Structures are given as structure tokens and as C-alpha cells.
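First the structure, in the form of C-alpha cells, and then the observations on it.
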Amino acid sequence: MPRLFDSELYDRYMEASLKYAMVPPVISPDVPLRYYPEVDDYTMSCGMSRTPGGRIWLAWFGNEDGDGAVLLLAHSDDDGKSFSNPDFIIDPGFIPGGVHISALVGNVWTAPDGRLFLFVMQSLGFNDGRCGVWQSVCENPDDEKPVWSVPARLWHGAALNKPTVLQNGTWLLPVALWHRCLITVEQDHHSFWGRSKLFHELDGRRGSNILASTDQGRSWQLRGHVSNLFDMSFDEPMILEREDKSLLMYMRDNHGMTQSESSDEGNTWSSPVKTSFLSASARFFLTRLASGNALLVKYSDPIVSEQRSYLTAYVSKDGGATWQGGLLLDERCDVSYPDGFQASDGRIFVQYDRKRESGEILLAVFTEEDVLAGRDVSGKVVLKQPAIQSYSARMEVFSSMKIPHKNKSEGIK
Numbered sequence: 000m001p002r003l004f005d006s007e008l009y010d011r012y013m014e015a016s017l018k019y020a021m022v023p024p025v026i027s028p029d030v031p032l033r034y035y036p037e038v039d040d041y042t043m044s045c046g047m048s049r050t051p052g053g054r055i056w057l058a059w060f061g062n063e064d065g066d067g068a069v070l071l072l073a074h075s076d077d078d079g080k081s082f083s084n085p086d087f088i089i090d091p092g093f094i095p096g097g098v099h100i101s102a103l104v105g106n107v108w109t110a111p112d113g114r115l116f117l118f119v120m121q122s123l124g125f126n127d128g129r130c131g132v133w134q135s136v137c138e139n140p141d142d143e144k145p146v147w148s149v150p151a152r153l154w155h156g157a158a159l160n161k162p163t164v165l166q167n168g169t170w171l172l173p174v175a176l177w178h179r180c181l182i183t184v185e186q187d188h189h190s191f192w193g194r195s196k197l198f199h200e201l202d203g204r205r206g207s208n209i210l211a212s213t214d215q216g217r218s219w220q221l222r223g224h225v226s227n228l229f230d231m232s233f234d235e236p237m238i239l240e241r242e243d244k245s246l247l248m249y250m251r252d253n254h255g256m257t258q259s260e261s262s263d264e265g266n267t268w269s270s271p272v273k274t275s276f277l278s279a280s281a282r283f284f285l286t287r288l289a290s291g292n293a294l295l296v297k298y299s300d301p302i303v304s305e306q307r308s309y310l311t312a313y314v315s316k317d318g319g320a321t322w323q324g325g326l327l328l329d330e331r332c333d334v335s336y337p338d339g340f341q342a343s344d345g346r347i348f349v350q351y352d353r354k355r356e357s358g359e360i361l362l363a364v365f366t367e368e369d370v371l372a373g374r375d376v377s378g379k380v381v382l383k384q385p386a387i388q389s390y391s392a393r394m395e396v397f398s399s400m401k402i403p404h405k406n407k408s409e410g411i412k
């Protein structure tokens with residue numbers, strides 16, 4: 000039976016506790032064994048980036064996709080073949096009354112100058128109606144002991160995806176401010192979903208917002224906004240700059256994806272419309288490749304289009320008007336939340352999660368030519384490679400191995 004309670008009184012508790020979500024999160028190198036994936040048994044994709052020195056940093060969310068979420072970071076110095084134990088954790092902890100400050104949304108991104116940026120959302124519980132994007136910068140991401148700056152709060156909302164660097168050098172960071180129907184602190188309080196009376200002053204900005212920086216991330220200014228008026232979800236927007244400098248933004252809705260366009264560097268946006276292609280309601284990955292073409296990784300289940308399966312990569316040569324090729328990365332169910340980068344040698348790295356609870360973070364490596372051909376033509380394709388695995392996922396692999404049995408008469412050699 001759902002827990003029932005006085006929502007107005009709970010709102011008062013929220014209002015008195017919001018100050019705790021404004022304290023800068025700590026990026027700690029002291030990661031409790033409790034949050035190692037072999038113990039935590041929960042792996043939800045966050046993001047991945049490569050440094051100038053070739054180190055790959057991978058971030059994921061531990062504990063749950065909810066108010067108890069924490070963010071973890073690990074690295075690889077062998078091209079993603081293996082990853083370290085967790086190097087850092089952001090666990091904002093509990094406040095008086097037992098509510099957890101969540102670190103539920105974020106990403107890692109290497110700026111053009113080589114600095115590693117970490118974006119993380121901090122909220123009282125799951126979604127207090129305001130949330131907040133925090134930014135920390137690492138100047139030495141290839142060192143043995145990387146140092147992170149004290150996180151600074153940029154604005155409200157959540158930034159799940161990477162910034163886009165425009166041709167004129169401006170950085171655009173897409174930020175989602177979740178709709179009122181998604182406001183709740185403790186997710187098991189079902190009767191409270193969407194009933195909070197806090198932060199009505201932000202309602203005009205709910206949806207996808209644009210933060211812009213003209214000084215390489217030292218400061219950010221709020222630009223345009225667009226809202227999915229129907230089938231609203233978590234938005235999770237990503238931006239592509241076309242050759243003519245116009246912008247294409249894809250967003251998530253409850254039944255797939257929508258798109259909006261801007262011709263003034265993100266200050267104003269067209270009303271969103273459904274994309275011409277189908278996909279699941281889940282995070283996708285969009286980026287510009289070194290060739291000038293664009294890459295999109297989305298869900299392409301041939302039977303149930305809204306299923307999180309058939310994670311597939313496509314290339315566009317016309318700024319997102321059409322998408323070509325189609326390299327299948329993973330056909331299984333419960334694969335989601337891709338993110339990645341293109342290395343200097345042209346290889347494309349994409350990480351994503353599978354199953355989350357008792358699941359794993361997996362890695363795919365391929366080239367633009369592979370995507371256009373729809374198969375491995377480069378000889379460099381790597382699919383379904385484990386990066387971060389829960390204990391359950393490791394046991395699943397072990398149990399599926401075919402171990403030859405010897406006859407008793409053969410003895411032991």
C-alpha cells in the first residue's frame with residue numbers, strides 16, 4: 000500500500016532542508032568498498048572522455064537510479080581494455096531526517112585545451128524541483144594523483160550530456176530543468192509525485208535550457224529555452240552545430256525523441272517536433288566527427304521501437320536531415336544511455352549500460368566507415384566489451400562459459 004502523508008507538511012520539511020543541496024559536493028578519493036561495483040551491484044551509465052595523454056575517464060552512477068544515487072569515476076590507461084577500481088566518488092550523504100542528497104545526473108568532458116570537466120547534478124532527494132548543475136575542473140587528468148577544483152554551481156537543473164563547442168569558440172551546455180510532474184524527494188512517497196508547491200517561479204524554464212560560456216567555462220550565461228509540451232520526460236538534450244552555424248537539438252520525450260532548431264547561437268528555439276525516426280524514450284548520443292559528419296547512437300528495435308534494445312550507430316552527412324548506415328552495437332534488451340568520444344586516430348568509443356541492477360557498463364569501438372557500411376570494414380570493431388561490471392554480471396559471464404569436462408579415467412594433468 001502506498002505511503003500516505005500530509006504533503007503540505009512534507010513541503011515545509013523540504014523547504015527547510017533545501018540549504019543542504021547548496022553545499023558544494025566533495026569529489027573524494029576515499030571510495031568506500033560498499034560502492035565498488037562488485038559489492039554495490041548497480042551500474043548506471045554516466046559518461047566517458049579521453050584526455051590528451053590517452054587516459055580514458057569513465058563515470059557511472061552507483062546505488063540506484065533515484066534519491067540514493069552516487070557518482071563514481073574510474074580510469075583506463077590501456078585504451079579501455081581494463082579499468083581501475085573506483086578512483087573518486089561523489090556521495091553528498093544524508094541530511095537530518097534521513098533524506099539523501101542525490102548525485103543522479105552528470106558527465107565528463109575533455110575541453111579543447113585538455114582540461115577535464117566533471118558536471119554533476121545535486122538535489123534534495125530525487126528531484127526537489129530545482130536541482131542544480133555543478134562543475135569541477137581537473138587540470139592534470141593524466142597524473143597519478145589528479146586534483147579536482149571545488150565544484151561551482153552553474154545554474155538549476157541537470158546536465159547529462161556534453162557541451163558543444165561552436166565554430167566561434169562559444170561553449171553551449173544543454174541543461175534540463177525537469178517538469179513539475181517529476182518532483183519528488185523520496186521515490187517511495189508515490190502520493191507526493193508532482194504535488195510540491197515549491198519553485199513555481201521556475202516553471203517558465205522547465206524543459207531544455209542552454210548555458211553558454213565565451214571564456215572556456217570560467218563563467219556561464221543562460222540563453223534560450225524550449226519545452227516538450229506533450230509527452231514530457233527528462234529531456235536529456237544534446238546539440239549539434241551544422242556547417243551553416245545553425246543548431247539542431249535532440250531531446251527525449253516519453254515515446255522517443257523530439258527536435259528543435261536555432262539560428263541565433265541558442266538564444267531562441269523553434270517549437271519541438273517529433274524526429275523523423277523512431278527510438279526509445281532514453282538517452283541517446285549525438286556528436287560531430289572529425290570528418291565534419293555527425294554521429295547518432297540510438298535505439299532501433301525493428302519490432303518494438305520504444306524498447307531499449309538494438310543500440311545502433313548512424314552517420315549524417317547533411318546536418319541531421321538524414322541518417323545513413325547503421326552499425327548494430329548491442330541487440331539485447333535493457334541497454335541504454337550511450338556516451339562517448341572520437342579518438343585522434345579516428346576510432347569512436349561509446350560506453351553504455353546493460354541492466355543497471357546486477358548489470359554492467361560496456362564499451363564499443365568502431366570507425367565512421369564501419370557505421371556507413373553497417374559492418375566491420377576497418378578491422379577495428381570491438382563490441383560488448385566489459386568496462387565496469389557488477390558481481391552479478393561477472394557471475395553471469397562465468398556461468399555461460401563452456402568448460403570442457405574430462406572423463407574420470409583421464410585423471411588430472
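Counted from 1, the sequence shown has number 86 at position 87 by numbering that gives the first Met the number 0; the numbering is strictly sequential.
The C-beta atom is built at its ideal place from N, Cα and C for all residues, glycine as well.
Treat the numbers as computed from the prediction; the structure is a model and nothing was measured.
Bridge partner(s) assigned by DSSP for Arg152: Trp133
Coarse secondary structure for Pro271, derived from DSSP in three states: coil
Cβ-based burial, Glu200 [other Cβ within 10 Å; buried from 16]: exposed
3-residue-minimum beta strand (DSSP E) runs that sit fully inside the stretch 232-293, ordered along the chain: 234-240, 246-252, 255-261 and 284-287
Sufficient close CB pairs (3 or more, under 8 angstroms) joining the stretch 97-107 to the stretch 366-374: no
Asn208 - partner residues in DSSP beta bridges: Val174 and His224
Inter-residue spacing [alpha-carbon to alpha-carbon] between Ser290 and Ile387: 30 angstroms
Three-state secondary structure assigned by DSSP to Arg33: helix
Cutoff 6 angstroms; reference Val149; Cβ partners in own chain excluding five residues on either side: Pro23
Assigned secondary structure, Gly203 (DSSP; H/G/I helix, E/B strand, else coil): helix
Proximity of Met248 and Met256 at Cβ, strictly below 8 angstroms: no
Meets three-Cβ-pair contact criterion under 8 angstroms: the stretch 375-383 and the stretch 58-77: no
Three-pair Cβ contact test at 8 angstroms for the stretch 44-55 versus the stretch 73-83: yes
Collapsed DSSP secondary structure at Cys180 in the structure displayed: helix
Proximity winner among Glu7, Asp10, Leu115 and Gly318, relative to Glu242 (alpha-carbon distances): Gly318
Contacts around Asp300, its chain only, beta-carbon distance under 7 angstroms, and the 5 residues preceding and following it disregarded: Gln306, Ser308 and Tyr309
For Ala386, the first and last residue of its enclosing alpha helix (DSSP H): Taken as a continuous stretch (DSSP letters only), Ala386 belongs to no alpha helix (DSSP H), being part of the beta strand (DSSP E) at Val381 to Gln388.
Any 3 or more C-beta pairs closer than 8 angstroms across the stretch 82-89 and the stretch 205-212: no
Rounded separation between Ile411 and Glu395 - CA only: With a pLDDT of 32 at Ile411, under the threshold of 50, the modelled position of that residue is not reliable, and no figure is offered here.
Reference Gly358; option with closest CA among Pro337, Arg393 and Leu176: Arg393
Span of the alpha helix (DSSP H), counted from its first residue to its last, around Leu71: Not the alpha helix (DSSP H): Leu71 falls in the beta strand (DSSP E), residues Val69 to Ser75.
8 angstroms Cβ cutoff met for Trp322 and Phe284: no
Contacts around Ser16, its chain only, beta-carbon distance under 7 angstroms, and the 5 residues preceding and following it disregarded: Ile94, Gly96, Val98 and Leu123
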